[in-house]
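For the sequence shown, this note's numbering begins at -5 and goes up steadily by one. First the structure, in the form of structure tokens, and then the observations on it.
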Amino acid sequence: MRIIKQDTCGKVSASDNPTLTYNVCYNPTDKSYLFRVITNNTGGFFSPEWIALDDIEKALSKHDTFSAKILDSLYASKSANNAGFLAAALKAEGILVAERETRRLHKLGDIDDFKKRMQKLLKNDLPDIIVEQQAAKEKAGKK
-5 MRIIKQDTCG KVSASDNPTL TYNVCYNPTD KSYLFRVITN NTGGFFSPEW IALDDIEKAL
55 SKHDTFSAKI LDSLYASKSA NNAGFLAAAL KAEGILVAER ETRRLHKLGD IDDFKKRMQK
115 LLKNDLPDII VEQQAAKEKA GKK
């Protein structure tokens, strides 16, 4: 698996203020894409779990419109912010689009367009900040 993109976005309720950082990963073995949120600059706990785009699409394709809460079932960790933060990243990538004029309801965007855009990034192999942070903590603990 390779991290092919790192970007920032705002939360669903404040999309103009980029406070979240997320990764997009590509798994060449099964040609799948995965997402995770890695930082939140304004507080609020979340899990940096990788969530597969295929699982996201499966969960959302059954509904015309939905709130971010529908994404909760994709996480092993039950942090209250997981679904909303993931929805913000998906919205930034065009995978989710706002339903009418509300920020809280979404519908599926153009996943094929997302995949086409990611094709240009497949050779990227960005550093894994989460792994680096964990290694630094372990190293500090051994001193």
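Cβ coordinates follow ideal geometry from the N, Cα and C atoms, glycine included. If you're wondering where the values come from, they're calculated on a predicted model, not measured in any experiment.
Can you give me the Cβ contacts of residue i inside the same chain, cut-off strictly under 6 Å, excluding the 5 residues immediately before and after it?
i: Gly38; result: Asn75
i: Pro120; result: Checking the displayed sequence, the identity of residue 120 turns out to be Leu instead of Pro. Cβ neighbours of Leu120 beyond the five flanking positions: Ile(-3), Gln0.
Helix, strand or coil for residue i, going by three-state DSSP, please let me know.
i: Asn76; result: helix
i: Val31; result: strand
i: Ala62; result: helix
i: Lys25; result: coil
i: Lys56; result: coil
Counting only the same chain and skipping the five closest in sequence on each side, list residues whose C-beta sits under 8 Å from that of residue i.
i: Asp58; result: Lys101
i: Ser55; result: Leu102
Please go through the same chain and pick out, in chain order, the residues whose beta-carbon is closer than 7 Å to the beta-carbon of residue i, but skip the five residues on each side of it.
i: Ser203; result: No answer is possible for residue 203: the residues shown for the chain start at -5 and end at 137.
i: Asp104; result: Gly88
i: Asp107; result: Gly88
What are the boundary residues of the beta strand (DSSP E) that includes residue i?
i: Asp107; result: No beta strand (DSSP E) contains Asp107, which is instead part of the alpha helix (DSSP H) from 105 to 113.
i: Ile124; result: From DSSP, Ile124 is part of no beta strand (DSSP E) but of the alpha helix (DSSP H) over 123 to 136.
For residue i, which residues does DSSP report across the bridge?
i: Ala92; result: His100
i: Gly38; result: Paired residues: none, contrary to the question.
i: Leu47; result: BP columns for Leu47 are empty, so no partner.
i: Asn17; result: Gln0, Arg30
Assuming residue i is part of the alpha helix (DSSP H), what are its boundary residues?
i: Lys117; result: Looking at the DSSP string, Lys117 is not in any alpha helix (DSSP H), and its letter there is neither H nor E.
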